[in-house]
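Below is one structure; the comments refer to it alone.
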Ligand code: SAH
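Numbering (our numbering), first residue to last: 8 to 254.
So this is what it looks like as structure tokens:
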């Protein structure tokens with residue numbers, strides 16, 4: 008053992024989202040499957056909890072059953088983070104890919120995930136509960152203290168009509184656009200469906216004063232690849248990646 012790595016709190020503690028406001032001394036009951044049945048934890052074992060409201064807390068298991076585990080909340084480890092102000096507006100793609108997209112966009116740090124229905128969107132029924140479960144799992148794993156907001160799907164026209172005046176809309180246009188050089192400030196990235204946008208849609212998006220048509224290079228990317236490439240570029244340039252580990 009060296010003294011270089013702080014032993015407390017251990018990095019490897021299981022981390023769980025709970026949908027209730029946490030506070031020191033509070034008692035929390037969660038489903039026993041993961042903590043007791045899968046991880047085989049019992050009384051005295053510690054886990055980290057976060058609630059998307061107050062931050063992240065250390066908690067100790069008081070009682071563990073296969074059905075239910077009860078924990079007592081201890082000290083607060085972190086305040087809820089300020090999530091970089093980036094929305095990902097994306098046309099739903101098929102099941103495996105959209106699950107992956109939600110998971111990765113959560114890991115990369117998006118604040119809001121907004122499904123958008125376009126002319127060529129082929130998936131029109133979305134299981135938001137399933138997507139939310141993927142976002143929660145990704146947030147647990149990547150140590151987010153805030154979940155991304157996940158919205159009901161909306162039609163492209165309605166979104167454009169009500170687009171906030173102060174939010175830039177980076178429109179990933181496979182037909183070509185500016186080099187993607189994100190500016191600071193509230194922003195969103197718009198990604199089309201596998202079939203792309205129609206000409207009318209491209210024109211309508213480009214007509215929005217807040218829109219910037221950007222290129223993600225000479226290759227045609229799949230929608231999920233395009234979304235994540237764009238989120239990564241935005242995070243590195245205008246998000247919080249540069250603040251990590253800053254001295
Ligand atoms: N079927 C279309 C491609 C759609 S790709 C075609 O053949 O033209 C799905 C979405 O990913 C696009 O609507 C766009 O938003 C994004 N995208 C893919 N490649 C891109 C690129 N090189 N630059 C900008 N956006 C891209």
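Positions of the beta carbon are idealized from the N, C-alpha and C atoms, including for glycine.
Coil, strand or helix - residue i by DSSP
i: residue 81; result: strand
i: residue 53; result: strand
i: residue 100; result: coil
i: residue 158; result: coil
i: residue 186; result: strand
i: residue 198; result: strand
i: residue 36; result: strand
i: residue 64; result: strand
i: residue 241; result: helix
CB of residue i within 8 Å of CB of residue j, strictly
i: residue 67; j: residue 51; result: yes
i: residue 194; j: residue 38; result: no
i: residue 146; j: residue 157; result: no
i: residue 252; j: residue 116; result: no
i: residue 95; j: residue 221; result: no
i: residue 87; j: residue 61; result: yes
Check: residue i C-beta below 7 Å from any heavy atom of ligand 1
i: residue 228; result: yes
i: residue 112; result: no
i: residue 95; result: no
Classification of residue i by the beta-carbon crowding that lies within 10 angstroms, buried from 16 upward
i: residue 54; result: buried
i: residue 8; result: Because residue 8 sits at a pLDDT of 45, beneath the cut-off of 50, its placement in the model cannot be relied upon, and the following sentence gives the value as read from the coordinates. Exposed is the call here.
i: residue 162; result: exposed
i: residue 182; result: exposed
i: residue 190; result: exposed
i: residue 169; result: exposed
i: residue 89; result: exposed
i: residue 1; result: Outside the shown range of the chain (8 to 254) lies residue 1, about which nothing can therefore be said.
### Message
Assess contact between the segment 70–79 and the segment 33–48, defined as three or more Cβ pairs (one per stretch) separated by less than 8 Å. Is contact present?
### Response
yes
### Query
Taking three-plus beta-carbon pairs below 8 Å as touching, is the segment 168–183 in contact with the segment 135–152?
Here the segment 168–183 does not lie against the segment 135–152, with fewer than 3 beta-carbon pairs under 8 Å apart.
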